[in-house]
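Take a look at the structure below.
In the working numbering, the protein residues as written are 22 to 242.
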């Protein structure tokens, strides 16, 4: 396993060097940019690679979701968030699957997170979703965040590129969630393979909903 990982790292390093070299080949002018203090690597964020079996606390879950909470501003009719959205529509919704006995004081089930009320609403206590958790990382995670777009909210203003706008928003949200998870001393893994098509009823999704991506969250060493 160690040799495979080492080989993969070498391939990535050669690719990055080749790409950087290709971009600068033939140029004759360059500008030296001084390093900014505090950017020497102490604040580098990375995705986790595995999880431990230690429980996540309700406080940690609360802090992660707090980063997605809406913010009411004095001179704004509509609430704002800590991430951008096309037309300030914010069509990407947050759902969570909490596994049994993995988060303190939170029962297992599928929840919808309401960003204005900062509340979790239990949609289903079904644990059938466990059948879809086949990878080691999926099985070891404590809970899973699902970013699901409601295209009906986006299509009136962006009829031709509503999906693209939603994927962009999910990217902004994922970065924010990664930063907050890191602050909570937890790990996160982006997962594009988790299929919830057979569980749309449990998530209370309609034909306008599109599952964009998932984030596996858990404790790390």
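We put the beta carbon where it would ideally sit given N, CA and C, even for glycine. As the structure is a computational prediction, the values presented were derived from the model and not from experiment.
(1) With DSSP collapsed to three states, give me the class of residue 164.
(2) Short of 6 Å in beta carbon distance, which residues of its chain neighbour residue 84, apart from the five on each side in sequence? Order them along the chain.
(3) Can at least three beta-carbon pairs, one atom from the segment 170-190 and one from the segment 208-218, be found at a separation below 8 Å?
(4) Among residues of its own chain, excluding the 5 on either side of residue 225, which ones have a beta-carbon nearer than 7 Å to its beta-carbon?
(5) So who's on the other strand from residue 232, going by DSSP bridges?
(6) May I ask you to list the residues that DSSP assigns as paired with residue 119?
(7) Between which residues of its own chain and residue 87 is the CB-CB distance below 8 Å, once the five residues before and five after are set aside?
(8) Using a Cβ-Cβ cut-off of 6 Å (strictly less than) and excluding sequence neighbours within five positions of residue 158, which residues of its own chain qualify?
(9) Quick one: what's got a C-beta closer than 7 Å to residue 123's C-beta in the same chain, skipping five residues either side?
(10) Apart from the five residues just before and just after residue 126, which ones in its own chain have a Cβ nearer than 6 Å to its Cβ?
(11) Buried or exposed for residue 292, going by 16 or more other Cβ atoms inside 10 Å?
(12) What residue range is occupied by the uninterrupted beta strand (DSSP E) comprising residue 145?
(13) Would you kindly work out how many angstroms separate the C-alpha atoms of residue 229 and residue 170, rounded to a whole number?
(14) So what's residue 107 in DSSP terms, helix, strand or just coil?
(15) Could you tell me the alpha carbon to alpha carbon distance between residue 141 and residue 133, rounded to whole angstroms?
(16) Mind checking whether residue 48 and residue 89 have CB atoms under 8 Å apart?
(17) So the candidates are 74, 128, 81, 112; which of them puts its Cα closest to the Cα of residue 203?
(18) Roughly how many angstroms separate the alpha carbons of residue 175 and residue 168, rounded to a whole number?
(19) Tell me the rounded alpha-carbon separation between residue 153 and residue 72.
(20) Using C-beta distances below 6 Å, list every residue in its chain close to residue 108, excluding the 5 sequence neighbours before and after it, in chain order.
(21) Using a Cβ-Cβ cut-off of 6 Å (strictly less than) and excluding sequence neighbours within five positions of residue 104, which residues of its own chain qualify?
(22) For residue 112, count the other beta carbons within 10 Å of its own beta carbon; 16 or more makes it buried, fewer makes it exposed. Which is it?
(23) Alpha carbons only, please: which of 129, 188, 93 is nearest the one belonging to residue 147?
(24) Distance, Cα to Cα, residue 214 vs residue 117?
The answer reads as follows:
(1) Looking at residue 164 - three-state DSSP - the assignment turns out to be strand.
(2) Excluding sequence neighbours, residue 84 sits near 205.
(3) No, they do not touch.
(4) Taking C-beta separations shorter than 7 Å and ignoring five residues to either side along the sequence, the partners of residue 225 in its chain run 144, following chain order.
(5) For residue 232, which the question treats as bridged, DSSP gives the partners 169.
(6) Partner residues in the beta bridge of residue 119, as assigned by DSSP, are 130, 164.
(7) Cβ within range, chain order: 139, 201.
(8) For residue 158, where only same-chain residues beyond five positions count, the Cβ hits under 6 Å are 210, 237.
(9) Cβ neighbours of residue 123 beyond the five flanking positions: 76, 77, 163, 164.
(10) Excluding the 5 residues flanking it on each side, residue 126 has same chain C-beta neighbours closer than 6 Å at 79, in chain order.
(11) Any property of residue 292 remains undetermined from this structure, which presents the chain solely from 22 to 242.
(12) For residue 145, the uninterrupted beta strand (DSSP E) run begins and ends at 140-145, by DSSP.
(13) Each residue's alpha carbon lies about 8 Å from the other.
(14) Helix at residue 107.
(15) When rounded, the separation of the alpha-carbon atoms in residue 141 and residue 133 is 6 Å.
(16) No.
(17) Minimum Cα distance to residue 203 is reached at 81.
(18) Going by the C-alpha atoms only, they are around 15 Å apart.
(19) The alpha-carbon atoms of residue 153 and residue 72 are separated by roughly 18 Å.
(20) Around residue 108: 178.
(21) 193, 194, 197, listed in sequence order.
(22) By the neighbour-count rule (16 or more Cβ atoms within 10 Å), residue 112 is buried.
(23) Measuring from the Cα of residue 147, the nearest candidate turns out to be 129.
(24) In a straight line, the C-alpha of residue 214 is about 16 Å away from that of residue 117.
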